[in-house]
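*Asks:*
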Ligand SMILES: [Zn+2]
Ligand SMILES: [Zn+2]
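Residue numbers (this note's numbering): 116 to 254.
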């Protein structure tokens, strides 16, 4: 599945190819960065058709986040650390021109989710301790 997308102001446009399933993340960084639950969908190839306003911030020792430096839209998350997840990229579901057919496969940091909302559906739910164990494991 390939999809096009853009930021709020239109300065950034992209094509995301070979989309996988989507993940929701409830960690404190994603909630601040996106202003809520961050929904990202994995992509094997994120190509910018307009990239002048794309800026990245190293948000942790293992990943960077891309955003539009004109309107602030949260665009993508990319693993920068070495290891089996190196280069893994997820693009914001909210930026896609058409998000139909994209299923949520898992929720990360389920134990960090504020209790006032819950996502419907039957999918994998991963706790903070499980996330840390996955990423700390030798790769
Ligand atoms: Zn923008
Ligand atoms: Zn997160």
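Just so it is clear, CB atoms sit at the ideal spot from N, CA and C, and this is done for glycine as well.
Can you tell me whether residue 124 sits near ligand 2, meaning its C-beta is under 6 Å from at least one heavy atom of the ligand?
*Replies:* False, no ligand heavy atom lies under 6 Å from that Cβ.
*Asks:* By DSSP, does residue 160 sit in helix, in strand, or in coil?
*Replies:* Strand.
*Asks:* Taking C-beta to C-beta, are residue 224 and residue 141 nearer than 7 Å?
*Replies:* A contact, by the Cβ cut-off of 7 Å.
*Asks:* Note down, in chain order, each residue of its chain lying with its Cβ closer than 7 Å to the Cβ of residue 214, except the 5 sequence neighbours on either side.
*Replies:* For residue 214, where only same-chain residues beyond five positions count, the Cβ hits under 7 Å are 208.
*Asks:* Considering residue 250, what are the terminal residues of the alpha helix (DSSP H) in which it resides?
*Replies:* Element bounds for residue 250: 243-251.
*Asks:* Can you give the Cα-Cα distance for residue 159 and residue 205, rounded to whole angstroms?
*Replies:* Looking at the two C-alpha atoms, the distance is approximately 9 Å.
*Asks:* Is the closest heavy atom of ligand 2 to the C-beta of residue 210 under 6 Å?
*Replies:* No, Cβ of residue 210 sits at least 6 Å from all heavy atoms of ligand 2.
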